[in-house]
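The C-terminal position of the sequence shown is numbered 396 in the working numbering, with every residue numbered one higher than the one before it. Quick reminder that beta carbons are idealized off the backbone N, C-alpha and C, glycines included.
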Amino acid sequence: MSFDLTGRRALVTGAGHGIGAGIAEALAAAGADVVVHYGRSAEQAAEVVERIGALGRKATAIGADVTVTAEVDRLVDEAVGFLGGLEILVTNAGHLIGRSPVAEMTDEHFSKVVEVNLGSTFRTVRAAIPHLRAAGTAGRVVTMASLAAHNGGGNGAAVYAASKAGVVGLTKGLAKELGPAGITVNALAPGFIGGTAFHDTFTPPEAQKAMIGGIGVGRGGTVEDVAGAVVWLCSDAGAFINGTTVDIDGGVGYR
142 MSFDLTGRRA
152 LVTGAGHGIG
162 AGIAEALAAA
172 GADVVVHYGR
182 SAEQAAEVVE
192 RIGALGRKAT
202 AIGADVTVTA
212 EVDRLVDEAV
222 GFLGGLEILV
232 TNAGHLIGRS
242 PVAEMTDEHF
252 SKVVEVNLGS
262 TFRTVRAAIP
272 HLRAAGTAGR
282 VVTMASLAAH
292 NGGGNGAAVY
302 AASKAGVVGL
312 TKGLAKELGP
322 AGITVNALAP
332 GFIGGTAFHD
342 TFTPPEAQKA
352 MIGGIGVGRG
362 GTVEDVAGAV
372 VWLCSDAGAF
382 INGTTVDIDG
392 GVGYR
């Protein structure tokens, strides 16, 4: 069974840094050519492209606001134009935006969180579907949920958790819709992944320590833990996995 992605063409959203960058580089290391999408991190995205180039793979960076339909359509069109087609889509773009109790939350905050997580996933997959259908049984979609989709998230993250739960539901529906064309659609639900801007920004050090204390394997997750799962799902080795949410959390609750 092969994990080789040579000849596959991939678009990874939110790939300028952190988990997205790790995913883009892991796909390239497995043989894929990659378009690195970014929102605001243009310089970091350029560095990711440079590292992919050093692996001998084709890559470019494209900026777009994934909450705007026209921007997403342009992103996918430019990605397909650069790559010459599209077999792999990883919708990693997302954001907590900020912590807010529901009782104090504005409509604007609610809408922003839903759009950047669930809305962006919907728009990107919708734009990519014709190209993934053309790829036939090589077509792969990996969406990004979260442990929060299962447990409601931390304090002030209820709407983030709801948006990620929406990603899980959308993933299952897409798996039914696209499965007959040979396209698999799966979600990843990472738990605590250390060294990322998400936790550096929104999770204080003492809270991070407490989270690690509840992980069954006794350590926090890494970007590589997530990226490895993406390579598996996008390869021939993962061809019979469809409509599934893979928890990458080290066994939270089993310790």
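query                                                                                                                                                                                 : result
What number of angstroms, rounded off, separates the C-alpha of I382 from the C-alpha of S376?                                                                                        : 10 Å
Taking just the CA atoms, how far does A322 sit from E219?                                                                                                                            : 24 Å
Report the option in P345, R281, G320 whose CA atom is closest to the CA atom of N296.                                                                                                : P345
Helix or strand or just coil, what does DSSP make of G204?                                                                                                                            : strand
With a threshold of 16 other CB atoms inside 10 Å of the CB of T147, please say whether the residue is buried or exposed.                                                             : exposed
Please work out which residues of its chain come closer than 6 Å, Cβ to Cβ, to D145, disregarding the five sequence neighbours upstream and downstream, and give them in chain order. : G172
L259 and S304 - do their beta-carbons sit closer together than 8 Å?                                                                                                                   : yes
Decide if P331 is buried, meaning its Cβ has at least 16 other Cβ atoms within 10 Å, or exposed.                                                                                      : buried
Relative to the alpha-carbon of T232, which residue among A328, D366, A378 has its alpha-carbon at the smallest distance?                                                             : A328
Specify the secondary structure class of L353 as computed by DSSP and reduced to three states.                                                                                        : In the sequence on display, residue 353 carries Ile and not Leu. In the structure shown, I353 sits in a helix (DSSP, three-state: H, G or I).
Where I164 and L196 are concerned, what is the direct C-alpha to C-alpha distance, given to the nearest angstrom?                                                                     : 14 Å
I'd like the list of long-range same chain contacts for R274, defined as Cβ closer than 6 Å, with 5 residues on each side in sequence excluded.                                       : A322
In the DSSP assignment, find the unbroken beta strand (DSSP E) run with N292 in it and report its ends.                                                                               : Taken as a continuous stretch (DSSP letters only), N292 belongs to no beta strand (DSSP E), being part of the alpha helix (DSSP H) at 289 to 292.
Looking only at its chain, what residues have a beta carbon closer than 7 Å to the beta carbon of A298, apart from the 5 residues adjacent to it on each side?                        : L237, R240, A289
I'd like the span of the alpha helix (DSSP H) that includes R215, first residue to last.                                                                                              : 210 to 224
Would you list the one or two residues that DSSP bridges to V243?                                                                                                                     : The partner list for V243 (beta bridge, DSSP) is empty, contrary to what the question assumes.
For I229, which beta-bridge partners are listed by DSSP?                                                                                                                              : A151, R281
Check the C-beta distance from T247 over to T284 and give it rounded, since I have them as a contact under 8 Å.                                                                       : Not a contact, Cβ separation roughly 27 Å.
At the level of alpha carbons, what is the spacing between R181 and A338?                                                                                                             : 13 Å
Name the residue from R149, H158, T154, H178 whose alpha carbon lies nearest to the alpha carbon of V397.                                                                             : Here the chain covers residues 142 to 396 and nothing more, so residue 397 does not appear.
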